Each structure stands twice: as structure tokens, then as C-alpha cells.
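A.B. asks:
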Amino acid sequence: MSAISTVRTTDPTEAAGFIIRGGVVAFPTETVYGLGAAIFDETAVRKIFEAKGRPGDNPLIAHIGDVGQVELLALELSSDAERLIEHFFPGPLTIVVKKTDAVPAIATAGLDTIGIRMPNSELALAFLRECGKPIVAPSANVSGRPSPTTWQAVLEDLDGKIDCILQGEPTDIGLESTVVNCTVEPPLLLRRGAVSIDELRAVVPLIRELASGEAGAEKSPGLRHKHYSPRAKVAIGRELPAGFAGRAAFIGLHTSEEIFAETRVANSAEEYAAALFEFFRECDRGGIELIVCEPVPETGIGAALMDRIRRAAEG
Ligand code: TXA
Ligand code: MG
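Count along the sequence shown starting at 1, add 618, and that's the number in the numbering used here.
1) Asn799 bridges to which residues according to DSSP?
2) Give a single yes or no on whether Thr649 has its beta carbon closer than 7 angstroms to a heavy atom of ligand 1.
3) Who are the near neighbours of Phe667 in its chain, counting only those whose CB is closer than 7 angstroms to its CB and skipping five residues on each side?
4) Span of the alpha helix (DSSP H) holding Leu773?
5) Can you tell which of Ile657, Ile906, Ala829 and Arg810 has its C-alpha closest to the C-alpha of Ala853?
6) Which value, in whole angstroms, describes the spacing of the CA atoms of Leu581 and Thr917?
7) Please report how far the alpha carbon of Thr873 lies from the alpha carbon of Gly855, in whole angstroms.
8) Which residues bound the beta strand (DSSP E) around Lys779?
9) Pull up the CB-CB distance for Gly652 and His681, whole angstroms please, since I reckon it's below 8 angstroms.
10) Compute the beta-carbon to beta-carbon distance between Val772 and Ile679, rounded to the nearest angstrom, for a pair I have assumed lies under 8 angstroms.
11) For the alpha helix (DSSP H) that Phe745 lies in, which residues bound it at each end?
12) Looking at C-beta atoms only, is the number of pairs between the segment 764-782 and the segment 638-650 that lie closer than 8 angstroms three or more?
13) Which complete beta strand (DSSP E) runs does the segment 642-719 hold, if anything under 3 residues is left out?
14) Is Ser765 a contact residue of ligand 2, with contact defined as CB to any heavy atom under 7 angstroms?
15) Going by DSSP, what residue range makes up the beta strand (DSSP E) through Ile732?
16) Would you check if the distance between the CB atom of Leu741 and the CB atom of Gly786 is smaller than 8 angstroms?
17) Less than 8 angstroms between the C-beta atoms of Leu693 and Thr712, yes or no?
18) Who pairs with Thr881 in a beta bridge, going by DSSP?
19) Can you tell which of Ala633, Arg701 and Pro752 has its C-alpha closest to the C-alpha of Pro722?
20) Quick one: residues in its chain with C-beta nearer than 8 angstroms to the C-beta of Ala879, no 5 flanking neighbours on either side, listed in chain order?
21) Using the Cβ count rule (16 or more neighbours within 10 Å means buried), how would you classify Ser950?
22) Does the distance between the C-beta of Glu794 and the nearest non-hydrogen atom of ligand 2 fall short of 7 angstroms?
23) With hydrogens ignored, establish whether the beta-carbon of Ser757 is closer than 7 angstroms to any heavy atom of ligand 2.
24) Kindly identify the DSSP beta-bridge partner or partners of Ser757.
25) Which residue's Cα is closest to the Cα of Glu748: Pro859, Glu827, Glu774 and Pro630?
26) Quick one: what does DSSP say Ala853 is sitting in, helix, strand or coil?
27) In three-state DSSP terms, what is Val821?
28) If you follow the beta strand (DSSP E) that Arg928 is part of, which residue opens it and which one closes it?
29) By DSSP's criteria, Arg826 is part of a beta bridge. Which residues make up the other side?
30) Measuring from the CB of Thr731, is there a heavy atom of ligand 1 at a distance below 7 angstroms?
31) Where do the N-terminal and C-terminal ends of the beta strand (DSSP E) with Leu908 fall, by residue?
32) Sort out for me which residues DSSP pairs Arg626 with in a bridge.
33) Do Ile679 and ligand 1 come close, with the Cβ less than 7 angstroms from some heavy atom?
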């Protein structure tokens, strides 16, 4: 693909103009930066897959600026889906529901379902409202790289490949949204995120989580693909593997006794989650070969954090 000039702006109206003219625009949300296109414009949606090098079998999430837009996308809503919308929109939760015919197959990788979420970020909501229609958006990284939590990380991956970057602050949460499939009874948690399983169960008590080893791939196509990987190897623990002599980095909640080329100590699991993906990118820029990640208890955001660290360690 030939290079295009990528405009940077802090103005949501200017950014929305690119969407309205059929372009692709990166924008901040409370989770990570997304790469958006108008959902009902197939040509524009195709550009997302091209810019990211994303496999065509991985469906996209529709982002809405107004709860009223759900009806443009969802054919039907279970009472559980309605309860989740009521409690968690806007917020870091994506619900998967049966799609309307208006949603083009390319957006959902041919599935008859669509993921929907309403981000809880003022800049994202201003942008989405200016767009006027739902916007499909995966994370704004090259496929396989860590999701971007800053506009600079988006620029690093996608400069010259997308029309515009809406520049905001670094994202608050730093991990992608929780995804719940509401087309099955009881609903099924497909991806862990900032809305924890306990918070979900306070609203829909029977929500199920995939048991480890259960075939999640058919239910959430994204789980089939390699994710969240820095170029460096990732190890879980607090120590260097015996005999390792290369450049290593450490991130966690406590200082390690060992000597690392780079160290990041966070004050809470929330801060650790918010820092993780940018730390991965920093390590890659600094030629780090191994990143040691301290494990955290799997409660609250800790469950999503450990999920991302494990996937990176597998990559
Ligand atoms: O926080 C987020 O969700 C970010 C921001 C930009 O909103 N977006 C994001 O999108 O993480 P992406 O494309 O990187 O991840 C979407 C995930 C994938 O694992 C995908 O397979 C799953 O959601 N997904 C999307 N639509 C689905 C569907 N119809 N059925 C099952 N899984 C779906
Ligand atoms: Mg992604």
C-alpha cells in the first residue's frame, strides 16, 4: 500500500470529518486506542484490515456514541444483554449480540453476531457523536503487536497507513474491554477486561467463564490469533532464568533483587495494567531481549492483567 499522509489533531470534529469522507481514524478510548471506520461503509472497513494487516476472520467491535444506536446494530437483545447495557454502558464492556442485516459481513468476519461497546471517554464520545453513525474499531496496532495506549504508539505502528490520529491523553485502563457473548444462555465471558467477572455476576449471576482448555476459538475468533506480543520474550516471575546473560527488563508491584536494564515498579494492579503495553513497546525500542513480569492476584483488573501477560509469554 502506498503511503498516505497521516493528519494529527486534537479536534474530534476534524477527526470525524475523515470518517465521514470514508477514511480510517485512530482515536483514544478509556481502554486502548482504536482504529475506526464507518460501519456501514464496506470500503472504509476494508481499509482497517489492510492498515493493520489483520486476518479477515477476526471480527471488529462496533463503537457507539449513544445507547440509542444499539438498535441499528442488534437484531434482538436478551434481557441479560439489556441489563449489561444498563449497568455498564458507557464503559469497558463489549457485548456480542445477533446483528442486523445493515451490518456488512466484512465488519463481523462473516459472523451473524456483532460486538458492541460504548466507550467511557469524553473525547471518544465527542468523536463518535460527530461521526453520527456507529464506528467499527479494533485496537490501533499492527496485528500481533501490543495494543497502543498512547497516540505515539499508534504513530509508531500506523503512520502513513491511516488518514488521521485523534490525539488524546494516554488511556486510563490500558487493557482491552471485557467481551461477553450474550447470544448463548447463560452469557459467556470471552475476554477478560476491566469489568471483572464479579462485577458482571452482580448484574447477571449466571455468566460463565471459559474453562481452561475449552475451545474458545470458535466462540471468539480473536482468541485464535497471536496477541499482545512484544518482540522480546516474556517470562512470568520475579527472577532472571538461570544462565540468562542478555538484556532483561522487569515490571511488577515490588522491586526485584536482580539487576535489570530497565525496571518499572507500579503502585497498584491498576497502574501495572495501565503501564504494561507501553512498557512492552519501550523494551522493544531499547533492544531488551527478555521482559520479566511479576504475577499478581487474579482479582479485579488482576485477572485481565494476568490474561494479557500469559498470552504475551506464549507468543
Ligand atoms: O477495548 C477494546 O475492546 C478495544 C477498543 C478500541 O475499544 N478494541 C479491541 O478490539 O480490543 P480488537 O479488535 O483488538 O479485539 C476485539 C475482540 C477480538 O478478540 C474479537 O475476536 C472479539 O473481540 N469479537 C469481536 N466481535 C466478535 C463477535 N461477533 N463474536 C465473538 N467475538 C468477537
Ligand atoms: Mg487488538
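Backbone N, C-alpha and C fix where the C-beta goes; we use that ideal spot for every residue, glycine too. These figures come from a predicted structure and were not determined experimentally.
C.D. replies: Here's the rundown:
1) DSSP, once it has assigned bridges, lists Val714 and Leu806 as partnering Asn799.
2) Checking every heavy atom of ligand 1 against the Cβ of Thr649, one is found closer than 7 angstroms.
3) Gly674
4) Trp769 to Leu776
5) Ile906
6) One cannot answer for residue 581 here, as it falls past the ends of the chain, which runs 619 to 933.
7) The C-alpha of Gly855 is placed about 12 angstroms away from the C-alpha of Thr873.
8) Run containing Lys779: none; DSSP gives neither H nor E here.
9) Between Gly652 and His681 a beta carbon distance of about 7 angstroms is seen, short of the 8 angstroms cut, so the two are scored as contacting.
10) With a Cβ gap of about 17 angstroms, Val772 and Ile679 do not count as contacting.
11) Taken as a continuous stretch (DSSP letters only), the alpha helix (DSSP H) holding Phe745 covers Glu740 to Cys749.
12) yes
13) 643-645, 652-656, 679-681 and 711-716
14) yes
15) Thr731 to Arg735
16) Yes, they are a contact pair.
17) no
18) Phe868
19) Pro752
20) Arg865, Ala866, Ala867, Gly904 and Ile906
21) An answer regarding residue 950 cannot be provided, because it is not within the stretch 619 to 933 covered by the chain.
22) yes
23) Remark: the shortest separation between the CB of Ser757 and any heavy atom of ligand 2 falls under 7 angstroms.
24) Gly652
25) Pro630
26) strand
27) helix
28) From DSSP, Arg928 is part of no beta strand (DSSP E) but of the alpha helix (DSSP H) over Ile919 to Glu932.
29) Leu806
30) yes
31) First-last of the beta strand (DSSP E) with Leu908: Leu908 to Cys911.
32) Per DSSP, the beta-bridge partners of Arg626 are Ile783.
33) Relative to the non-hydrogen atoms of ligand 1, the Cβ of Ile679 comes within a distance shorter than 7 angstroms of at least one.
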